[in-house]
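Data first, discussion second: the structure below is written as structure tokens.
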Amino acid sequence: DRKVIITAILFSMLSVVFSMSGDGENVPVVQKKEAVKTSASVNLPAEQTTVNLAQSTAKETVKDEFGIDTGMDKEKLADFKEKYLKLDKKMFPGVQGTMLYDFKVDLNKYDELKKLGVDLKESGSPVESKSYKENAIYSDIILIGTSIEEDQSFGYDMYKIEIQEILKGADIFIEKLGKIPKQIHYIGEKDVAGQTDPVIGVKGMYFFSNTNKLMKDKPYLHKRPESTVLFFDGNNAIYEKGYQKHLDAIWYRNAAEQDKEMSDSKKKAYERWAKASDSIGKIDESFEDVIVNVRKLLEVNDSKNFYKKTFKAEVQK
């Protein structure tokens with residue numbers, strides 16, 4: 095029958111069409127369904143799964159007390175510190191503690207630092223007797239600025255400083271406060287026996303330590319005692335502890351010159367006192383030279399790359 099034959103042919107053609115895959119290849123429909131099922135069970139392409147597995151097994155890097163990423167996990171950082179302290183002990187057998195490590199001092203640069211005026215063997219001297227060069231190495235933050243007022247905002251004897259330039263520690267400000275401030279408070283030495291009150295209104299170089307305590311809810315710094323270098327007389331540099339004595343020396347000299355009735359013996363005494371006062375805290379360098387010298391020390395020590403360095407105990411000085 096002609097109708098029966100035509101119907102059979104149409105049915106055969108439809109079967110072939112429905113068995114075709116969507117991309118034009120002759121793939122059985124059953125296989126296509128199984129492929130979809132397999133893909134759904136994995137849920138991610140093979141290469142993405144591999145990446146995620148690698149990420150999940152990677153160890154997290156550790157940040158130091160200042161919030162700076164060391165780039166090392168706990169085990170590697172512990173090994174790094176152990177090797178550093180082993181070299182430290184070999185170079186300076188009589189020195190105890192971890193001060194050099196804490197301030198990220200490059201032991202490999204011993205000779206270069208010594209040539210620039212910092213002998214690491216003298217690290218045990220009191221904070222108050224350190225030169226500005228030593229304070230440059232043993233400080234977390236160094237900035238140039240001016241103390242503008244005394245402030246009791248935090249319940250302490252504090253001073254507000256206007257920041258003009260940061261020589262060291264900008265990364266600590268960013269990690270701890272989320273920004274570099276234009277002004278910040280610091281704890282002064284007011285009423286502390288043997289310590290000098292901060293000088294207001296004079297540009298200076300300030301040195302700060304213990305900055306691991308700097309937090310958003312505690313936005314103030316700890317100044318290293320008797321470390322500040324002040325700019326005076328339009329060019330010279332003097333330690334803050336000698337600034338008032340310098341003014342006293344000027345007064346003695348002016349009084350001896352202007353008082354025509356002053357006896358010779360008294361004039362000689364005034365001149366002697368002026369000379370003694372003027373020598374306290376004096377630095378035989380210009381303020382600009384101090385800045386240049388500090389920059390050189392910071393460049394040689396390169397504390398920003400401290401955790402990328404290698405320390406071997408075979409080296410000995």
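Those letters in the sequence shown? Residues 95 to 411, per our numbering, in order. Backbone N, C-alpha and C fix where the C-beta goes; we use that ideal spot for every residue, glycine too.
Contiguous beta strand (DSSP E) elements confined to the stretch 296 to 374 occur at 297 to 303, 314 to 317, 323 to 326, 330 to 333, taking only those with 3 or more residues.
Straight through space, the alpha carbons of Lys360 and Lys354 are spaced by roughly 11 Å. Counting the other Cβ atoms within 10 Å of the Cβ of Thr192 gives fewer than 16, which makes it exposed. When Cβ pairs closer than 8 Å are counted between the two stretches, the stretch 168 to 182 is seen not to touch the stretch 231 to 249, the count staying below three. Taken atom to atom, the span from the alpha-carbon of Ala350 to that of Tyr364 is near 6 Å. Beta-bridge analysis with DSSP links Thr240 to Glu256, Lys297. Per DSSP, Asp378 lies in no alpha helix (DSSP H) segment; the continuous beta strand (DSSP E) that holds it begins and ends at 376 to 380. In the three-state DSSP reduction, Ile385 falls in the helix class (H, G or I). Distance from Phe301 to Ile236 at the Cβ level is roughly 6 Å; contact confirmed, criterion being Cβ atoms closer than 8 Å.
Taking a cut-off of 8 Å for Cβ pairs, the stretch 205 to 217 and the stretch 378 to 393 touch, as three or more such pairs fall below it. The three-state reading of DSSP puts Asp167 in coil, since its state is none of H, G, I, E or B. Ile278: member of the beta strand (DSSP E) spanning 277 to 281, first to last residue.
With fewer than 16 other Cβ atoms from the protein chains shown falling within 10 Å of its own Cβ, Gly328 counts as exposed. A check of alpha carbon separations from Met299 across Val221, Glu334, Gln352, Lys307 identifies Glu334 as the nearest.
The Cβ atoms of Gln277 and Lys254 lie closer than 8 Å to each other.
DSSP lists Phe302 as the beta-bridge partner residues of Ile235. Using a Cβ distance threshold of 8 Å, Glu159 and Asn306 count as a contacting pair. CA-CA distance, Arg347 to Glu228, rounds to 33 Å. Nearest to Tyr178 by alpha-carbon distance, out of Lys339, Asn202, Ser321, is Asn202. Scanning its chain for C-beta atoms nearer than 7 Å, with the 5 sequence neighbours on each side dropped, one finds around Trp367 the residues Tyr346, in chain order.
Judged by DSSP secondary structure, Leu207 falls within the alpha helix (DSSP H) whose first and last residues are 204 to 209. A distance below 8 Å separates the beta carbons of Leu315 and Tyr280. In this structure, the straight-line span from the alpha carbon of Val156 to that of Lys175 is close to 13 Å. Beta bridge pairing from DSSP links Lys157 with Asp163. Note that the C-beta distance between Gly295 and Lys317 is not below 8 Å. If you draw a 10 Å sphere on the C-beta of Lys215, you find fewer than 16 other C-beta atoms in it, and that means exposed.
Going by C-alpha positions, Glu382 is about 43 Å away from Glu154. In this structure, the straight-line span from the alpha carbon of Glu269 to that of Gly165 is close to 15 Å. By the 16-neighbour rule on beta-carbons within 10 angstroms, Asn395 is buried. With contacts defined as CB atoms closer than 8 Å, Pro319 and Glu222 qualify as a contacting pair.
Ile344 counts as exposed, since fewer than 16 other beta carbons sit within 10 angstroms of its beta carbon.
By the criterion of a C-beta distance shorter than 6 Å, Lys297 is surrounded in its chain by Thr240, Phe325, once the five residues flanking it on both sides are discounted.
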